[in-house]
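Visitor: Would you mind keeping the following structure in view while I ask a few things?
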Amino acid sequence: MKNRLNKSGAFVLLMTIAALLTGCSDQFLKDIQNYNAFSSAIYNDLTGATDRVNDLYYDMLPSSTASIAWNMPSAGMADSYSQSTEEYGGLSQFVNPTVVLTTNNVPDYFYYENKSVSPYGYIRECNLVLSGLRSSTLPASEKNPLLGQAHFFRAWQYYLLTKMYGGVPLVTYAQNPILGSTGGLSLVIPRATTTQCVNFICAELDSAASQLPANWTTTASTNYGRVTAGTALALKGRLLLLFASPLFNRSDDQSRWQAAYNANLAAIDTLQAGGFGLAYANNPGKNGSNWAKIFSDYTGPEQVFVTLYNVVENSPGTNYNKNNEWELHIRPTNAGGGGGMSPTSQMIDLFPMSDGMKPSTNTSISSLLPASSIAYNSTDFFANRDPRFYRTFAFPGERWAFSGDPTSLSTLTYPYVGSNYQLWSYCWYANLAQLASPLYTGFAADGLGTSNKSVFIRKRTDDYDVNTSPDYTYDIALGSGDEFELSGAPFMEMRYTEVLLNLAESACGINHLAEAVGYLQQIRARVGYTAANNYGLDPNLSSSRQELFAAILYERQIELAYEGKRFDDVRRWMLFDGGAGQASLKSSWALTGFNGNTCTYLGVPPLNGTNRTGIEVAVAASYEPGTQETVANHADDPIYQYRPTAALNLMSDTINPAISGTSMYNLCNFYNYYLTRKSTSVDIVNSTVYPITFLPQYYFIGLRYSAQEMNVTLKQTIGWADFENGGANGTYDPLAQ
Amino acid sequence: MEKKYIILSLCLSFILAFALPVSVLAQDQAQQTQLVKGTIVDEKGEPVIGATVKIDGTASGTITDINGHFELKVPLKSKLQISYVGYVSQVVSDLKNPLIVLKEDTKVLDEVVVMGYGSQKMKNVTGAVETISPKDVGDLSVSNLGNALSGVANGLSVSGGDTRPGDAASMTIRQSTAMVAYSSFSNYVADPSPLYVIDDYICPDATAFNALDASMIESITVLKDASAAVYGYRAGQGVILVKTKRGKVGAPKITYTSTFGTTNDISQPKMLDSYDYGVIWNQVKGAPSTTSSSTINDRTDLFQSDELSAMKNLNYNLLNDYWHAAYTQKQSLNITGGTDNVTYFGGASYFSQNGNMGTNNYNRWNYQVGVDAKINKWLKASLQVSGNYGEQYTAANMIGGSNSNTDYNYLLVHPRYIPDYINGLPMVTYGVSNQQLSTNQQFNYEAIQQLNNGNQTIPQNISIKSSVEYDFGWSKLLEGLKLKLSYVDNFSNSETNTTETYVPVYYMITRGGSGNHLYTGDLSSSNFSEIEADNGHSLERAMTNTTNYQLNFYATYDRKFGSNAVSGLFTIEKAYSVTDNLDGIALDPLTFENGTSTSATGTQSTDFSRSESGILSYVGKVNYSYADKYLAEFLVRCDASTVFAPQNYWGIFPSLSLGWVMSEEPWFKNNIHGIDFFKLRGSFGLLGKDNIAPWGWEQTYSVVLNKGAVFGTSDENNIGAAMQSSAAPNVNAHWDSNYQSNLGFNLHMLRDRLSFDVDGYFDMGRDIFMQRTGATDFPTTVGTVPTAENFGAINTYGVELTVGWKDQIGRDAHYFVNLQTGWGDNKVLKRYWPALIAINGQHPNQRTDLGVWGLDCIGMFRSYQQISEYVAKYHITNYLGLSPSQIQPGMLIYRDVRGSENSNGTYQAPDGVIDNTNDLVRISKYSSNPYGFTTKFGGDWKGFSFTAQLSANWGAYTMISNAARSGLNAVSSTNTYSDLEYTNLPSFWANNMFSYGNVTDASGNVVGIKNVNAKYPNLQYTSINSLASTFWAVSAATVSLRTVTMAYNLPKSLVKKLTVEAIRLNLTCQNVLSLYNPYPDHYIDPMSGSYGSYPHLRTLTMGLNVSF
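Right, dumping it as structure tokens:
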């Protein structure tokens, strides 16, 4: 029996071990942890919750060099928005008469694909953050500012959509994308009306404003750059001004203007309480130098909605850089830039003379505004202009200094020591026939070759003459054309001046004319105008709502040039055609206010039917022709020997050409003897120049067919083919209540 | 939760149900003994040494000595069972006769097959199973075991493993590749591999299997159908089961195997020589451009006639220079032996293969030690320790593209007029323009080699397996029941060291020749300019450490009652695995770097991570057979997966299989002659998969260090961290369902000389994880990618046929032929369908293989008149993006097949627009060969033996590879013909490319001859001409002799004098030759792989096998 005991003993032992070790519990499975990610508990921690909000900034902060897209507003580049206005040549898809936009080719800002990276993907992120924060255990003092930021970004995304489409589906919670047995119908949300969307966005912004601080001064070193209560209210003001504008307000409903006025006034009050205001309000500097400095100051009172950048270099394994590429884009190649950007002749001729009045030769600006008494010589277009002209454009013979020295680089032809950079970008031609033809461009001096841009846009530049501690690290090691890449200059999607202009326009809308003029005077005073000539404004402005509207829009064209705002203004005021043709889309869409046509109301000619032209500063015919420079000794430059010795220095020189011996005087003489101004054709399709043609239905773009295809309850906008209805006219009315 | 206990009690009751009633039948035995002496010989009369002699029905016995003698005490009236590997086991009842003759085993039916958690006789198997004996693979010299399985088992596909030393082979069973292609999406775990089970331990991946050495393997079994269900959900793609060698009772037996061999490429692709290359360049550059404004400089843009003359003598064939034959060896030593109570097995082996190019070396040590012990009559224990340790060196190429083929491709397509070194300076590959068009041109193979750039991977694996088994044989009641507990602990770690530096390379500022295109002229140092090529400039060490255990509790039951044989199995399986990663990078290594971060000066970063997973399963299985005639197996498996939300952890997978050995029926035996064995069998089972990424059921957030925003008042602040959200969760995700059915038969006839094994399968995949993308009913306002949902459906089906013939001629000569063939297809029933499905897209009820699509080429434009006639005839307005006026002679002519797609899926009539979407035609129904067979044949005569494997596949067409037909560089392309500046072409282009007119150089000499009758279009229009089209289609058929082995067994009489048991010599060749080459000018051998990729290698080895 001993044997038996052994057997039993072994058996029992075995069973015990088996039972103990294998177990029947799946608790050990539930104990398994996810080491790669965290649960919603992160919202209970201030850092975790803040990092969630930072993700919204990563997704939605505007970019300084963005082109209009589903995720970005226009930021001053030559995108399809700016190329629909006088700012840039080149027929964008909106104004190209050879291409009619249909639901197959209309730009998609709604973004039909189901992706986390899409407007509704961003809205989903906001919804996730908001629900996570609401159930967070953080104290209200920590939670509220985070909630406020999330509300702001949800409003921002809905603002971008509503601006383009009118009403859109309002998704206010993170939906679970499982079709399940219902076929996904429970996930479908139809388009809200425009009014519902506007109300929703305003409510979002109000709650954002109530939860956000007026500024982040107490924790500026870690939090400066976040949105504030003022940002939220300023956006609300911008939205309500849009809603009061003729685009949405065909009958000139005063209550809309009143709402816009109230919102913008509240925004200004809150901004001022937070320390915001007009930067350098009483200190214009020489030739508007301090106005120029607004854009290169890393912090400042103008920065209502700012995107901050850094000068950090991208290195493998870290990648903590976020560089502002604007400086890179606008600088000429012989300074190490990307090549620069060309304005139009229309923009050159648009800016006021130095007395603040429009140039007498210009017919594109409101006929209601008086012209300057200073004669405008289109060859010497740079003489006697508004200070902002010199800070917006760079022309041959002007200094445009930078901090850096690329002279050791063999890849650059004609490099300058940055602190002495002069732009000499005039050009010459291989033969006289090319000089005479608007279809040709020439060879530019100083090695700029055929990438010629006689006149450059220099708005928002970090000018070494203005700012001796620039926001960039000029790095010749980055390679030719990338030397300015490490720029940390901030970008302002909204600056205080815009809010003030929004307030002025709203005030004008409710006939607070004198008040509105007062705001314009503040803006003019900041660039050096004085009460002596009524800040360069027509004294009669305060007696004409029409003229004041026109003056405010003109001021926006000048002040906000190349900041990506002009298309919105043109669209808001329907300046392509004044609103003609709206009634043909739907009878109730006819303009009943604004004298039935905004263009005639404001006294401006419609953009439709006009053309942009390029401006070129060419060597006069008598010194032509020439060959392209191949060797860096100026031997091929026909007029090099006649160049004035000193370029125009905005920090010291006068802008009045009448004073003999000044740089301005010499430069004008050089232009008059050796140079000629040429207009080139830029609105070309297949070698033919076409006029700007913006069709009436483009004011509210339709949904791409594919967006409807994915979402059967999405109604198409009137004027566009309804995919769900066999291509019949859409039924959604963005103007309905 | 409830479900689990139900299953548990269900399984236990199975065992008890069989255990209780039958045990009553057990009988007691008388215990009187006699001493039996005998000698065992083979058919030739040679003594058989080490044969096992056992008392039938017990575990006790002995083995024969060196003279074949044995002595054993045997109870009266009992029988002896004699067995030896390679011979037919027999039971002897006449104990008086001292001489027992063992017959050589020529039948497979009595072979024991290792099945899930146990083994079965082949004739009792009801599933679709393939067995592989180590004999089939032992002669092959492979760096990974998978490669040796190629063509060995019907339904098992093997790819790779025969290129760079140590590169793993990947295996798939039946149509799992199509399944993966069908359901692939973002968080899908796309792995078509089968499950690898080594000694009942379920391996996490193929690594452990590939690292096994053939000398330590007892057997390999491939489970192809629902018979794999015993391994549960992860077996849905089939199972490869391995049983390693264990100790055998007897005197110590030592086996030594040694293999030496050489590896080399099968053939090098044929490329243009310098002169032909130069002429083609001129013909391309001199061809009329599609844009009228473009002009060329006759001196600088073309090779001048003096340069072409010089190029006739330039032949920098870098691939030839740097490629060489390499060596491989394998040494292994095994020892086995033991007594009735303790047996042991120990083995060690070493494999090494050096690189054919640079330092592509691989070596590996394997070891295994195992002991099986009987603690007492009813209690057994075993312990086994095994492991491997290896090193693999591969190149690190980060210039121009980081895939591992950059180095081979660079050497292959390097234009042969450009030297890679001048005066000791490594040169960049600057072509005609002497400019850099792509960073790839900075790649200089030897310069990178000289700086010791490379990857070193050191994998290490240790596995400890232990078990105790208790047998209830002493109990009348519970006889046949065994309980077993096994525990496997596995440690593996891997270290990868990467060295990537800056590499100084040079270009010549002014080159020689009248057009400045030759690397001659001014060779003074001032004419050379240095470029610092960036080959990654970092040192990296990545370490991964995985620990996992698997704990099983088994209860098995196996007993015969007359003609009834019953067996059952119940097991609880619990497994856990944790993996830790540590990865450090140091930038900017010094030139005298030593591989550690102390020798780098740049930023250093470290990251470490961890992941864990667990498995819990219950398996119950019952087998029943009546008189080895009626066979049945029922199985239920219950698995938990942590991939799903806790409420969806569990899945239940039942399967049933039945067999009928018709040849055992009396009426069959009596009436049908010539058929020795006929078995019908069928199986049906449900399997499931959880192949989506874990934690997909929960909304999670992860930190991203550089995806926030810049805040603060300093322009030097970093972009900060942010928490990103995961994809939307799907809390409802659950096991998918794969209903697998298999019907087959095994037929042996003509005295077992002819055999047929036929299987047909039909698998229905349901609730398969798919992601809805572009579904018409999914609102976009949800704002995220739809999560994986269980909604796909696909059927896969096919047949497999194996035919074998073996016979002998006379007394000494044997031969065999074995042929495997099969066919499979599938049908996609349900997935996401876009609103408009492209002509070459996936349509409902079609197979996953969409075939080969391309434009329909109807000739080549050879004159402008031909162009205008074509344009007029077909009203062409747009020719692949070109206007009609831009069309040039030397472009291929494509047919305008149809217009654009209507909303109902039909197409409009030809519209005068040639585009690469609507004008596609199906060039081949299949993209990979649907038909084929593999045949293995061989024979032996008096100790000499020969085997060979030949395979053929056909039925599909393929395109000449894009790099070969376009001239574009496969590593980094400018997407224009400019790539030709640094990319040589295959030989078929020579003198055969269209050239509209003579091209003349600056001196007026013809440097590119007019060739309007050429076969191939002009490469300047490569964007038009290289599109997939009927022009470039070639048959994808292959016929290849894969392996040949010749072996010689030294005669026993001779061997005996050397006091060893056996000596065997063999000569083996793998990837012998390809018998069919469809490619123009045979520029590449189809067996050597694809153009520009590291080739498959031919291995020739000699082996010696000695056992003592």
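If you read the protein sequences in the order shown, they are chains A and B.
Quick note on numbering: the first sequence equals residues 1 to 737 in this note's numbering.
Quick note on numbering: the second sequence equals residues 10001 to 11108 in this note's numbering.
Yeah, the Cβ is synthetic: ideal placement off N, Cα and C, and Gly gets one too.
(1) Quick one: grab the DSSP three-state call for P139 (chain A).
(2) Who does K10073 (chain B) pair with in a DSSP beta bridge?
(3) I want to verify the contact list: residues of chain A whose CB lies under 8 angstroms from the CB of S10609 (chain B), in sequence order.
(4) What are the complete alpha helix (DSSP H) segments, minimum 4 residues, inside the segment 10937 to 11003 of chain B?
(5) Identify each residue in the segment 35 to 56 of chain A for which the Cβ-Cβ distance to at least one residue of chain B is less than 7 angstroms, and report them in chain order.
(6) Just confirm the distance between the C-beta atoms of N96 (chain A) and Y690 (chain A), as a whole number of angstroms; I'd bet it's less than 8 angstroms.
(7) Would you say the segment 10662 to 10679 of chain B touches the segment 10701 to 10708 of chain B, given that touching needs at least three Cβ pairs under 8 angstroms?
(8) Using a cut-off of 8 angstroms between C-beta atoms, extract the partners of Y298 (chain A) located in chain B.
(9) Please decide whether I10719 (chain B) counts as near chain A, where near means a Cβ-Cβ distance under 8 angstroms.
(10) So, under 8 angstroms CB-CB, V311 (chain A) and G481 (chain A) are touching, yes? Tell me the CB distance rounded to an integer number of Å.
(11) As an exercise, report each continuous beta strand (DSSP E) stretch of at least 3 residues that is fully enclosed by the segment 242 to 268 of chain A, in chain order.
(12) Shortest alpha-carbon distance to E10130 (chain B) belongs to which of B:T10596, B:V10239, B:D10301, B:F10592?
(13) Over the uninterrupted alpha helix (DSSP H) stretch that includes D10321 (chain B), give me the two end residues.
(14) Using a cut-off of 7 angstroms between C-beta atoms, extract the partners of W10695 (chain B) located in chain A.
(15) Taking only three categories from DSSP, how would you classify P10021 (chain B)?
(16) By how many angstroms is the C-alpha of M10543 (chain B) removed from the C-alpha of L10582 (chain B)?
(17) Taking beta-carbon pairs under 7 angstroms, can you tell me which members of the segment 478 to 489 of chain A lie near chain B?
(18) Comparing the C-beta of A531 (chain A) with each C-beta of chain B, is any distance below 8 angstroms?
(19) Where does N725 (chain A) fall in DSSP's three states?
(20) Which of the three DSSP states is assigned to Y10519 (chain B) in this structure?
(21) D11109 (chain B) bridges to which residues according to DSSP?
(22) Quick check on A477 (chain A): does DSSP put it in helix, strand or coil?
(23) So that I know if they touch, is there some Cβ in chain A lying closer than 8 angstroms to that of L10481 (chain B)?
(24) Looking at the structure shown, is C10638 (chain B) part of a helix, part of a strand, or coil, going by DSSP?
(25) Can you round the beta-carbon distance between A10709 (chain B) and Y122 (chain A) to whole angstroms, since I take them to be within the 8 angstroms contact cut?
(26) Closer than 8 angstroms, Cβ to Cβ, to anything on chain E: give me those residues from the segment 214 to 230 of chain A, in chain order.
(27) Could you pull the start and end residues of the alpha helix (DSSP H) that R11042 (chain B) belongs to?
(28) Which residues in the same chain have their Cβ closer than 8 angstroms to the Cβ of G10859 (chain B), if we skip the five residues on either side of it in sequence?
(29) Could you have a look at Y10256 (chain B) and say whether DSSP puts it in helix, strand or coil?
(30) At 4 residues or longer, and completely inside the segment 10261 to 10330 of chain B: list those alpha helix (DSSP H) runs for me, N to C.
(31) Leaving out five residues before and five after V10785 (chain B) in sequence, what residues of the same chain have Cβ atoms less than 8 angstroms from its Cβ?
(32) Going along the chain, which residues of its own chain have a beta-carbon closer than 7 angstroms to the beta-carbon of T713 (chain A), five neighbours each way excluded?
(33) For E10046 (chain B), which of helix, strand or coil comes out of DSSP?
(34) On the premise that P284 (chain A) lies in contact with V527 (chain A), defined as a C-beta separation below 8 angstroms, what is that separation, rounded to the nearest angstrom?
(35) Check this for me: beta carbons of W156 (chain A) and L235 (chain A), under 8 angstroms apart or not?
Guide: Let me lay it out:
(1) Looking at P139 (chain A) - three-state DSSP - the assignment turns out to be coil, as it is neither helix nor strand.
(2) Answer is B:L10035.
(3) Taking the beta carbon of S10609 (chain B) as reference, the chain A residues within 8 angstroms of it are Y35, N36, listed in sequence order.
(4) The DSSP assignment places complete alpha helix (DSSP H) segments of no fewer than 4 residues inside the segment 10937 to 11003 of chain B at 10962 to 10966, in order along the chain.
(5) From the segment 35 to 56 of chain A, only Y35, N36, A37, F38, S39, S40, I42, G48, D51, R52, N54, D55 have a Cβ closer than 7 angstroms to chain B.
(6) Confirmed, about 7 angstroms.
(7) In short, these stretches do not touch, since the Cβ pair count stays below three.
(8) Ordered by position in chain B, the residues that pass the 8 angstroms Cβ test against Y298 (chain A) are T10713, S10714, D10715.
(9) With 8 angstroms as the cut-off, I10719 (chain B) counts as an interface residue toward chain A.
(10) V311 (chain A) to G481 (chain A), Cβ: 18 angstroms. No contact.
(11) DSSP runs (the beta strand (DSSP E)) wholly in the segment 242 to 268 of chain A: none.
(12) Cα-wise, what sits closest to E10130 (chain B) is B:V10239.
(13) Counting along the chain, the alpha helix (DSSP H) containing D10321 (chain B) begins and ends at 10318 to 10322.
(14) Those are N34, A37, listed as they occur along chain A.
(15) Unreliable positioning characterises P10021 (chain B) in this predicted model, as indicated by a pLDDT of 37, which lies under 50. A coordinate reading is not provided.
(16) Cα to Cα, L10582 (chain B) sits roughly 5 angstroms from M10543 (chain B).
(17) So the list reads G488, given in the order they occur along the chain.
(18) It does not: the Cβ of A531 (chain A) has no partner Cβ on chain B nearer than 8 angstroms.
(19) Under the three-state reduction of DSSP output, N725 (chain A) falls in the helix class.
(20) Residue state for Y10519 (chain B) is assigned as coil, using DSSP reduced to three classes.
(21) Only positions 10001 to 11108 of chain B appear in the structure, and residue 11109 (chain B) is not among them; the question remains open.
(22) Correct three-state label for A477 (chain A): helix.
(23) It does not; no Cβ of chain A falls within 8 angstroms.
(24) Strand, per DSSP.
(25) Not confirmed; about 14 angstroms, so no contact.
(26) Absent from the structure is chain E; the protein chains it does hold are A and B.
(27) Not the alpha helix (DSSP H): R11042 (chain B) falls in the beta strand (DSSP E), residues 11038 to 11049.
(28) Excluding the 5 residues flanking it on each side, G10859 (chain B) has same chain C-beta neighbours closer than 8 angstroms at L10892, I10893, in chain order.
(29) Residue state, collapsed to three classes: strand.
(30) Within the segment 10261 to 10330 of chain B, the complete alpha helix (DSSP H) runs of at least 4 residues fall at 10274 to 10285, 10305 to 10311, 10318 to 10322.
(31) The beta carbon of V10785 (chain B) is closer than 8 angstroms to those of S10186, A10727, A10728, Q10771, T10773 in its chain, skipping five residues each way along the sequence.
(32) Cβ neighbours of T713 (chain A) within its own chain (closer than 7 angstroms, five residues either side excluded): V188, P190.
(33) In the three-state DSSP reduction, E10046 (chain B) falls in the coil class, being neither helix nor strand.
(34) Sure, about 5 angstroms apart at Cβ, within 8 angstroms.
(35) In this structure, L235 (chain A) lies closer than 8 angstroms to W156 (chain A) by Cβ.
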